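Just below is one structure, and these are the notes that go with it.
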DNA sequence: CCTCTGAGGTGACACGTGTCAGTAACGCGC
DNA sequence: GCGCGTTACTGACACGTGTCACCTCAGAGG
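Protein chains in written order, with our numbering: chain C, 1 to 351; chain L, 1001 to 1351.
Here is the structure:
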């Protein structure tokens, strides 16, 4: 017969004190007077019994779960998401652990009913949520926010003033295009990462446009094509660009995955990268380093996205709300081979 | 002033019944007699109040958390692990959700003290643990298992009879080498994925050896080199193989990541893949599809690894223990370009 | 008329902790 | 001797649920 697992009452009995004292000692409650000898007796008793507090009881009594959840909406861009998940998750868990929190992972499949994550909040499963890929037409999201439940969005939701963390898509795209301009290109095409219904897509296109504008190059709609997350869409879009009468000498593809298809289209025509067509991508997914030519691309700080979101969320939970509740993280241009010139630039993540 | 969140007592009051009845109705307790009208009144009241049960209270009262945790040991092979995490995690969460469980994600950094995950078990945080990358010298693991706490290992731990899920490394390596043999190669080298202290490394080498043996080809130690997770180790190992007097015509590299380095070494010598040297990898990480030539490799079913582990763990938690508590999942050879011949074979995961 | 049975429900305890208000002992100044 | 402040603790309640034992009442059977 297995012995019952020890409770704080057992510890109290063994140490010859009250249960209250045990709680005060083990939780290191400040401004409370317990003699060093008693403290030691309690600690010894706890260790001797191999005592671990019951989290559920603790949660119930304190009203806090010390848990946050990552709600991960799986969309049409699975491969892209999968490339980001490890970094984001590591960032979140590291920040969470730093502040003494646990992390619940809750993916939402495309076929699940809208708002199936609310039970995490309403049922007091967690103290706060990080939501990736929020849809602006989600009423549950607004309800939770109105009820004061701590939320942080990955990405941006125009309209509601919900705290958010995102990457600076506009500046990222600008640096990519500026790099191509600096290499002497004047006729630069672009392929979006997805339809313009996606905020990131629109922003990256804006960055492209602004960079051209600053260089005094008129915007030409013929040079803009639309990708849709996957290789196939990139291949098709690139073929259209290649068929233009005056085709571009360089292209900014706002997604590495889409860029893979673009590269194929270029090579299928017997053209060379970067000599005949320079290519710069966006996202810096793992394969980009390995393909030939290695893809020059805009690095997205996945770890930072995770860490910042978790840290922001926890500060909100603990009522230590910062002035700026919207974070935009810096990107970094990873200059490799597909753009036509190596320059001296740090290469984080590459040994 | 925000209204208190509703409890089952509020629901009971509104429906005009006892709290017990509310609990019985909402949990659909079998073999209990409640009239349909009363049931309906309770349901309506709950809906009207937007009532969600408090999970912490429920956990405390029932003694079950309906949560499992994935304990993810981060080792020296980070890139390799990152490539597996999304699939494994999705497999786990899908199975968990299917059985009504939640998933806690707990990575362990290399610098954390040994056994820092035990609080998850002892503190009744979860009903069971899935442990990846267990070390055989971990006493906490054996203690938990001896105390009857539900555990499932990813990978294998010789000695202790702890339930486990793993990929069939031996057969996977055999099919890879058999494929090279079928293509006519007789002098086949190999580069391990890591030192032979790792079970997977030893098993994959065993598969290589067995395939040769079946073909009546004597095992030649000169053709065996040792990788160590990363590209650099693969490059160095391959250079040694290329420097042999009678160099092999094909090589089985027991890790895609290591194979990346091997490919580089081959191409740096001005040799062509697959014409001068056929290459087959192991793992099927995302970049393998994209490099040129596309890498023929042994696919590891990451989703299946996650799903099987979660399902096994949950059956153990629910005392529905299967006869076979060790699962070995099938691999699949992904024939691409680096081996020298395309054959008609299914390609899961590629559109 | 009495007993038995099953439907339909309830009261009370248990789960293990956090925490507030309160208490006993003791030193100390006047 | 008394009031007062401080140290060192404790008793009791609260958190919100699951569940077991028990209760009432209508109808059936003798």
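In this text, a Cβ means the ideal position worked out from N, Cα and C, and glycines have one as well. Values in this document were obtained by computation on a predicted structure and should not be read as measured data.
Residue i: buried (16+ other C-beta within 10 angstroms of its C-beta) or exposed?
{"i": "residue 1128 (chain L)", "result": "buried"}
{"i": "residue 1235 (chain L)", "result": "buried"}
{"i": "residue 1314 (chain L)", "result": "buried"}
{"i": "residue 177 (chain C)", "result": "buried"}
{"i": "residue 1077 (chain L)", "result": "buried"}
{"i": "residue 1245 (chain L)", "result": "exposed"}
{"i": "residue 1109 (chain L)", "result": "exposed"}
{"i": "residue 1137 (chain L)", "result": "exposed"}
{"i": "residue 1281 (chain L)", "result": "buried"}
{"i": "residue 29 (chain C)", "result": "exposed"}
{"i": "residue 320 (chain C)", "result": "exposed"}
Beta carbon of residue i, beta carbon of residue j: below 9 angstroms?
{"i": "residue 1189 (chain L)", "j": "residue 1241 (chain L)", "result": "yes"}
{"i": "residue 100 (chain C)", "j": "residue 303 (chain C)", "result": "no"}
{"i": "residue 1208 (chain L)", "j": "residue 1173 (chain L)", "result": "yes"}
{"i": "residue 1259 (chain L)", "j": "residue 1295 (chain L)", "result": "yes"}
{"i": "residue 1278 (chain L)", "j": "residue 1180 (chain L)", "result": "yes"}
{"i": "residue 55 (chain C)", "j": "residue 17 (chain C)", "result": "no"}
{"i": "residue 163 (chain C)", "j": "residue 151 (chain C)", "result": "yes"}
{"i": "residue 1224 (chain L)", "j": "residue 1192 (chain L)", "result": "yes"}
{"i": "residue 1007 (chain L)", "j": "residue 1015 (chain L)", "result": "no"}
{"i": "residue 1175 (chain L)", "j": "residue 1126 (chain L)", "result": "no"}
{"i": "residue 107 (chain C)", "j": "residue 1093 (chain L)", "result": "yes"}
{"i": "residue 1309 (chain L)", "j": "residue 1165 (chain L)", "result": "yes"}
{"i": "residue 227 (chain C)", "j": "residue 265 (chain C)", "result": "no"}
{"i": "residue 1299 (chain L)", "j": "residue 1334 (chain L)", "result": "yes"}
{"i": "residue 1340 (chain L)", "j": "residue 1274 (chain L)", "result": "yes"}
Name the one or two DSSP bridge partners that residue i has.
{"i": "residue 1102 (chain L)", "result": "L:1067"}
{"i": "residue 1167 (chain L)", "result": "L:1329"}
{"i": "residue 1297 (chain L)", "result": "L:1281 and L:1334"}
{"i": "residue 217 (chain C)", "result": "Answer by DSSP bridge pairing: none, since residue 217 (chain C) is not bridged."}
{"i": "residue 132 (chain C)", "result": "C:72 and C:154"}
{"i": "residue 1226 (chain L)", "result": "L:1192"}
{"i": "residue 253 (chain C)", "result": "C:191"}
Hey, is residue i's beta-carbon within less than 9 angstroms of any beta-carbon in chain C?
{"i": "residue 1145 (chain L)", "result": "no"}
{"i": "residue 1139 (chain L)", "result": "no"}
{"i": "residue 1123 (chain L)", "result": "yes"}
{"i": "residue 1241 (chain L)", "result": "no"}
{"i": "residue 1291 (chain L)", "result": "yes"}
{"i": "residue 1323 (chain L)", "result": "no"}
{"i": "residue 1103 (chain L)", "result": "yes"}
{"i": "residue 1065 (chain L)", "result": "yes"}
Look up residue i in the DSSP assignment and say whether it is helix, strand or coil.
{"i": "residue 153 (chain C)", "result": "strand"}
{"i": "residue 274 (chain C)", "result": "coil"}
{"i": "residue 1160 (chain L)", "result": "coil"}
{"i": "residue 1021 (chain L)", "result": "helix"}
{"i": "residue 30 (chain C)", "result": "coil"}
{"i": "residue 1015 (chain L)", "result": "helix"}
{"i": "residue 110 (chain C)", "result": "coil"}
{"i": "residue 1049 (chain L)", "result": "helix"}
{"i": "residue 1179 (chain L)", "result": "helix"}
{"i": "residue 1140 (chain L)", "result": "helix"}
{"i": "residue 234 (chain C)", "result": "helix"}
{"i": "residue 37 (chain C)", "result": "helix"}
{"i": "residue 185 (chain C)", "result": "coil"}
{"i": "residue 1007 (chain L)", "result": "coil"}
{"i": "residue 198 (chain C)", "result": "coil"}
Would you say residue i faces chain L, with C-beta separation under 9 angstroms as the test?
{"i": "residue 56 (chain C)", "result": "yes"}
{"i": "residue 298 (chain C)", "result": "no"}
{"i": "residue 119 (chain C)", "result": "yes"}
{"i": "residue 130 (chain C)", "result": "no"}
{"i": "residue 340 (chain C)", "result": "no"}
{"i": "residue 150 (chain C)", "result": "no"}
{"i": "residue 83 (chain C)", "result": "yes"}
{"i": "residue 260 (chain C)", "result": "yes"}
{"i": "residue 319 (chain C)", "result": "no"}
{"i": "residue 285 (chain C)", "result": "yes"}
{"i": "residue 99 (chain C)", "result": "no"}
{"i": "residue 28 (chain C)", "result": "no"}
Would the beta-carbon of residue i be found less than 8 angstroms away from any heavy atom of the ligand MG?
{"i": "residue 1247 (chain L)", "result": "Because no ligand of any kind appears in the structure shown, any question about the ligand MG cannot be addressed here."}
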